[in-house]
Every structure is written in structure tokens, then in C-alpha cells.
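One structure is given below, encoded as C-alpha cells.
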Amino acid sequence: MMDISVFPSVYESTRSDLSRVSNDLLSGLKIDYNEESYIIGELALQEGLSPHRLINTAPGELDFDVLFRAALLLAQQKAGSDFSMTMGFPFEMYQKHRDRAKQQLTQSFDVLYDSSTFATNGSAGKQAATIQLRNVDVIPEIAGSIIALRYGDYQEEDDFFVVSLGYGSMEGVVSTNNGIIRRTATSTHGMRYAVNMMKEELQKDYYLGFKTEHQLNVAFQNGKINLDKRTVDLTALRRKVLKSYFENIIRPALANSFQDSDFGSCSKIYLVGGGAYFNELTNLITEEYDGILSVEVPDKPEQMAVKGYCLNTAMQFEDESTPVGVDMGNANTLIAVMDKG
């Protein structure tokens, strides 16, 4: 069993004293870093003016460093202050950042946070947490989902295709019992492509003001947005842009990566990542492979990568610390802590 925490991958600097504005640490994340205070996740969406983050960041960049410290703080609640962890990068970033990330993250972190956002007792105020990362492994994002499918609840033993429909990137590969077939690995534009298409269409008829990318992504997920004091239904537009996204990005990427020989050994394709929640998109993929592959969407597809990271930690580092996985997603950050009980 795993305990999984999730917060939106957004932050904003603040000068405000925020007291008792949230119920707990998860919804009241406020940390100090490099002499600046930042509100993070739900608190940034609630109290900020322009909560944001850059796409596909790495250690040493402000967006990553702030959100990662928030993730460590949440992991400490369940795993204690000394643990090992695994995280991942998309294919196009993995080779470049793997070694540097391991080196920079395998250390002790002093995280200064403000508990007055949620605490109601005498302990409210600036608090310091020291967190020691004993071991850090870095793997491709899609490898996390494969580990979860093979060694988690599904215990998949056959060869299969897996496609990760993430916000920042869409990735696909063939997984066998011996590992991935590197030739089949593909990485291209994620769901952000469709969200930006929606934005362009809306701007033809509406003034979007200063809505951030995250706010537009939430509207895309919900199928509606409030503009000019009115609720605008986005379901038809979402269906339209998802069809364009599939035809212009997903179909060509998969067609160029998967060969006839791959279909001879695989009978199913798993769809993971947050994009797997959109029936408009999964139906198009199902139609594409009708009569060829069984299309499977795991329960809570957006959690597959972080579950795999946590399982990888348990398999790679056989120490007494609690295994942790951290998924620094472009839309949401997820923290998985294994319950050894």
C-alpha cells in the first residue's frame, strides 16, 4: 500500500502574512527559499495573483527547486526525515539531467516553512525541517508506469505498448519482460498542445485577461470556464482540439515508432497519465487500434508513474528507510510513500 499526496505544480512569491487560511500542510504550503517566500499548490491558486511554473524544469532551476522542497516536506510527514527516493524525467530530458540530478539531490535539505497558514496552536510560525535523502534514483518517466504495471497491482507479464499522455509530453514505448525496446521510444508534445489550441480558439471571441496556463488547463479538464461573468461550455471545443491533437501529434508519433513486428508480440496498449481521463481522446486511440490491440486505462492513470517510482525505490535500495517516489509533473506534483506495515 502507498500513501499518495497531490498538489498543483504552481507557485508564486508572496509578501503576505497568511494565517489560518488552510486546513493542513498540503493545502497551506508556504516555504522560504533563497530569502524569498513562496506559496505553493492549492494555496498559490487560492491566494496568488499569477500562480505558475515553467514546463520540464530540472534541479538548479527555481521552479524545480521550490516545488521539490514542498514535495520533500510532504514526504517527511509519512516517511520521516531520512529516506531514499526515485523521480523521473521525460525521454528528451533524461540523458541530460540523470547524473546531475542524482548528484545534486543526494544530500541533506533544510526546508524552512510557515505553519501559520494552517496551525492553530502555539507551534504556528516559521518551522525548519531537515530532510536527508539517503539514495536517489532517476529513471525515464514512462519507466515508472511500466514498473507499476509489472510489479504493482496489475502484475502484467506479457509484452505491451504503453503511451503516457502527460501535460508536458506524450511518450510511448514497447515494454517486454527484458525491458523496453529503445527503438520504439517516442516523445512529443503533451496535452499542453491541445490546451493552447483551445486558448487560441477562445481568444477569437473572448478576452481571457491574465489567466495562467494552469488555470486554462483546469478549465480544459472541467469542460467549462468563466469569462465575462458567464460560464462558457468548453466540451465541444475540447472534443475538436483533442481530435486535432490526436491527428497531428499522437497518430504520426506512434505510427513512426511502432513497427509491424511490435504488433506481432503485443496484444494490448496501456494509456497512462492525466490525458487518459479524456474519453474524447481515448476513444480515438481505441478506434485507431480497433481489432488490433486491446486498449487499457488503469485505475487512476495519473498515479502510475509515481507508484512505479516508489516501487523502484523499494527494489533498488534495500535499506530500512521508507521508500518514496516523487513525480514532478507539469500539471501536478505527486508524492508516494510506501506503507511498510
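In this note's numbering, the protein residues as written are 2 to 342. Every residue gets a Cβ at the ideal spot worked out from N, C-alpha and C, and that includes glycine.
Asked: If you run the structure through DSSP and keep just helix, strand and coil, what is P324?; Found: coil
Asked: Quick check on the DSSP output: the alpha helix (DSSP H) that includes N313 runs from which residue to which?; Found: M305 to Q317
Asked: Going by alpha carbons, who is nearest to F343 out of G275, Y278 and Y271?; Found: In the structure as shown, the chain starts at 2 and stops at 342, and residue 343 therefore has no counterpart that could be examined.
Asked: When the distance is taken between beta carbons, is L217 closer than 8 Å to F247?; Found: no
Asked: Buried or exposed: G292, going by 16 or more other Cβ atoms within 10 Å of its Cβ?; Found: exposed
Asked: Scan the region 114 to 193 and note each continuous alpha helix (DSSP H) run of 4 residues or more that stays entirely inside, going in chain order.; Found: 142 to 152
Asked: Can you find the residues in the same chain that come closer than 8 Å, C-beta to C-beta, to L44, ignoring five residues on each side of it along the sequence?; Found: L19, V22, S23, S28, G29, L30, K31 and T118
Asked: Just to confirm before moving on: does the CB-CB distance between S14 and L68 stay below 8 Å?; Found: no
Asked: With a 10 Å radius around its C-beta and 16 neighbouring C-beta atoms as the bar for buried, classify K127 as buried or exposed.; Found: exposed
Asked: Does the beta-carbon distance from L312 to Y194 come in below 8 Å?; Found: no
Asked: Around the Cβ of T334, are there at least 16 other Cβ atoms within 10 angstroms (buried) or fewer (exposed)?; Found: buried
Asked: Please report the straight-line C-alpha distance between K97 and I181, rounded to a whole angstrom.; Found: 19 Å
Asked: Can you tell me which of L166, A129 and A149 puts its alpha carbon nearest to the alpha carbon of L255?; Found: L166
Asked: Looking at G224 and G191, is the spacing between their C-beta atoms short of 8 Å?; Found: no
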